[in-house]
Each structure stands twice: as C-alpha cells, then as structure tokens.
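In our numbering, the protein residues as written are 55 to 211. We put the CB at the ideal spot given by N, CA and C, even for glycine. Because the structure is a prediction, the values reported are computed rather than measured. Since the structure comes first, as structure tokens, the remarks are kept for the end.
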Amino acid sequence: FYSGPLDEFFEYKLGRLSYRTLDFIEIRTSGDYQGGAVVNYCDNSEKFTRISEHKHFTPWEAHNDSICFKEYSREAEENDPPYYPVRLVNDNSILEGYVSLAEKETAVTFVGRLGTYRYLDMDVTIDEALATSRAYLQSIDSGIPMPTFIHPPITKK
Ligand SMILES: Cc1cc2nc3c(=O)[nH]c(=O)nc-3n(C[C@H](O)[C@H](O)[C@H](O)COP(=O)(O)OP(=O)(O)OC[C@H]3O[C@@H](n4cnc5c(N)ncnc54)[C@H](O)[C@@H]3O)c2cc1C
C-alpha cells in the first residue's frame, strides 16, 4: 500500500501535480478565544480561511489557556506540504499519465488522498480505508492480487 503522493512515487517524471498548502499562524491566549473548535471565514474580509481553537475539540478537558491556529491558503511550492489537490485541466492530463504508469506496477495499491490525488473528508477517508481492508482480506482468501486502485483517481466515463 502506498499512501504518499502519486507523482512522488514516480519521481515527478511527468511533472508535478499541483496542490494548495497552508501557512499556520499560532495564537496563544488566556481564557477562551472564539468559543468553539472551528470558525470559518468564508468571504474576503480576512486573508485567512479559518481559525481552529484546539481545546474545544476535547470539551471533557479543562484548560485556562488556549492555543489557536489561523490558516492562510496559498499555492504549494516544491517543499511545501501538499494539502488540497487543485485538479485543473493541466493537472488532470498529468494525472492521467501517472494513472497509466501506476497501472503498470505490480504489488502496489495506491490509497488515500495523496495516493489517488483526491480531496477526501475524514468520513470518506475512513469509509475508503475500511473498503480497502475488506478488499485486501478478499484478495488473501481468493489469491487474486489487489488492484492498483480500489478508489480510482479518475472516474471513467
Ligand atoms: C490541511 C487539511 C485540513 C483538513 N481538514 C479537514 C476537516 O476539517 N474535516 C475533514 O473531514 N477532513 C479534513 N481534511 C481531510 C482529511 O484530514 C484527510 O483527507 C485525511 O486525513 C486523509 O487521510 P489519508 O490516510 O488518505 O492521508 P494522510 O493522513 O495524509 O496519511 C498519509 C500517510 O502516508 C505517509 N506517507 C507519505 N509518503 C510516504 C512514503 N513514501 N512512505 C511511507 N509513508 C508515507 C504520511 O506520512 C502519512 O502518515 C483535511 C486535510 C488537510 C490536508
């Protein structure tokens, strides 16, 4: 199973798939900063997109102080962590090339948001991980090798 970036697996030989990344700016404060775990800023009034206040993810704990992070989104450069796949026209043609290369691999199943170059929310990620484990158990029972992708990066028309 390979859960890293699809283009990295092939040493970027067809070019880089583009991503958005985030810069996190830390805020430390006493008491409560925003009264909830996540506040989204969906319009252009601020340059950041959301603020997460981590103590509210664990409301069963008590903390006098607080740590929050503001998230600033931007185009990912080479050494930035790849977060959100852009998937514009150029990416899709590079992606098709990597999918073809991946399909020639044996004994590798590409999984997850990076291995399949898709944005996945947590609920989808967990559902797909369970489906992948079921497919693996079936593969062991039947002796039929695992496919390259359980969840293909491109939906065939
Ligand atoms: C910034 C950000 C914010 C998000 N916010 C939300 C949200 O608010 N709500 C929500 O539902 N979802 C959110 N998501 C989506 C969700 O968190 C991810 O889609 C999910 O965690 C993906 O799980 P994954 O296992 O596919 O990938 P990851 O969690 O990225 O795991 C991949 C693993 O593979 C490892 N790896 C990479 N390369 C290699 C290698 N060469 N060899 C071995 N291991 C390797 C990595 O170290 C990592 O541990 C967010 C995602 C991001 C990036």
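Practice task
Return the first residue and the last residue of the beta strand (DSSP E) that I180 is part of.
Solution key: Per DSSP, I180 belongs to no beta strand (DSSP E); it is in the alpha helix (DSSP H), M176 to S196.
Problem - Sequence-distant residues of the same chain with beta carbon closer than 7 angstroms to V140, five excluded per side - result: S72, Y73 and R74
Problem - Cβ-based neighbour list, S57, same chain, cut-off 7 angstroms, excluding 5 preceding and 5 following - result: V165, G166, L168 and G169
Problem - Under 5 angstroms, CB to nearest heavy atom of ligand 1: contacting residues - result: S57, G58, Y137, G166, R167, L174, D175, M176 and T179
Practice task
Kindly indicate the opening and closing residues of the alpha helix (DSSP H) around I148.
Solution key: In the DSSP assignment, I148 falls within the alpha helix (DSSP H) that extends over V143 to K158.
Problem - Three-pair Cβ contact test at 8 angstroms for the stretch 121 to 131 versus the stretch 76 to 91 - result: yes
Exercise for the section: Please go through the same chain and pick out, in chain order, the residues whose beta-carbon is closer than 7 angstroms to the beta-carbon of N146, but skip the five residues on each side of it. Expected result: none
Problem - Local Cβ density within 10 Å of D61, reported as buried at 16 or more and exposed below that - result: Counting other Cβ atoms within 10 Å of its Cβ, D61 reaches 16 or more and is therefore classed as buried.
Handout entry: Sequence-distant residues of the same chain with beta carbon closer than 8 angstroms to E2, five excluded per side
Key = Not covered by the structure: residue 2. The range shown for the chain is 55 to 211.
Handout entry: Span of the alpha helix (DSSP H), counted from its first residue to its last, around F123
Key = Per DSSP, F123 is not a residue of any alpha helix (DSSP H); the beta strand (DSSP E) it occupies stretches across D119 to E129.
Problem - N-terminal and C-terminal residue of the alpha helix (DSSP H) that L60 is part of - result: Its alpha helix (DSSP H) spans residues L60 to F63.
Practice task
Note the first and the last residue of the continuous alpha helix (DSSP H) segment covering L71.
Solution key: Neither: L71 is in no alpha helix (DSSP H) and is coded neither H nor E.
Exercise for the section: Would you give the residue range spanned by the alpha helix (DSSP H) that R167 belongs to? Expected result: Note, R167: alpha helix (DSSP H), G166 to G169.
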